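Undergrad:
In mature numbering (1 follows the signal peptide of the UniProt record, and there is no 0), the protein residues as written are -20 to -1, 1 to 77.
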């Protein structure tokens, strides 16, 4: 069992390529989790790629909502992947190229 902490540490070091954050900078503006799609597009412009991923059940009434990913970059070796559910920004992923 002594190898378990070593293995865990090695996996953590290797997984540093992609991580989630709560904000993304677009010029002098900040985009945050919870922003609407139109707010993000107003601050950052059109994404380089837009992909409808599918649908999810959410909310207290378990409605079906559209899930979409927007990609910004690569720019200066960085790519941002924004995930929207029901037209609200749910997750920001940062990937260093």
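Just so you know, even glycine gets a beta-carbon here, dropped at the ideal spot from N, CA and C.
These numbers were taken from a predicted model, which means no experiment stands behind them.
What is the residue span of the alpha helix (DSSP H) that residue 51 lies within?
TA: For this step, residue 51 is matched to residue 71 along the chain shown. No alpha helix (DSSP H) contains residue 51, which is instead part of the beta strand (DSSP E) from 43 to 55.
Undergrad: Taking only the alpha-carbon atoms, compute the straight-line gap between residue 45 and residue 34 and give it to the nearest angstrom.
TA: Residue numbering aside, residue 45 sits at position 65 when the chain shown is read from its first letter. Residue numbering aside, residue 34 sits at position 54 when the chain shown is read from its first letter. Their backbone Cα atoms lie some 8 Å apart in a straight line.
Undergrad: What are the residues that DSSP puts in a beta bridge with residue 1?
TA: As a first step, residue 1 is located in the chain shown; it is residue number 21 there, counting from the start. Paired residues: 72.
Undergrad: According to DSSP, simplified to helix, strand and coil, what is residue 13?
TA: Looking up residue 13 in the chain shown gives position 33. Coil.
Undergrad: Quick one: residues in its chain with C-beta nearer than 7 Å to the C-beta of residue 27, no 5 flanking neighbours on either side, listed in chain order?
TA: Residue mapping note: residue 27 aligns to position 47 of the chain shown, counting from 1. Contacts found: 50, 51, 52.
Undergrad: Roughly how many whole angstroms lie between the Cα atoms of residue 15 and residue 70?
TA: Start at 1 with the first residue of the chain shown, and residue 15 comes out as number 35. Start at 1 with the first residue of the chain shown, and residue 70 comes out as number 90. Each residue's alpha carbon lies about 8 Å from the other.
Undergrad: Measuring only the C-alpha atoms, how far is residue -11 from residue 60?
TA: Along the chain shown, one-based indexing puts residue -11 at 10. Along the chain shown, one-based indexing puts residue 60 at 80. Confidence at residue -11 is low in this model, with a pLDDT of 43, below 50, so its placement is unreliable and no value can be given for it.
Undergrad: What does the alpha-carbon distance come out to for the pair residue 9 and residue 23?
TA: Within the chain shown, residue 9 is the residue found at index 29, counting from 1. Within the chain shown, residue 23 is the residue found at index 43, counting from 1. Approximately 6 Å, taken between the alpha carbons.
Undergrad: By a C-beta neighbour count over all protein chains shown, 10 Å radius and 16 as the cutoff for buried, is residue 37 buried or exposed?
TA: Translated into the one-based positions of the chain shown, residue 37 becomes position 57. That one is exposed.
Undergrad: When you compare each of 67, 40, 63 to residue 2 by their alpha carbons, which one comes out closest?
TA: In the chain shown, residue 2 corresponds to position 22, counting from 1. Residue 2 has its Cα closest to that of 63, out of 67, 40, 63.
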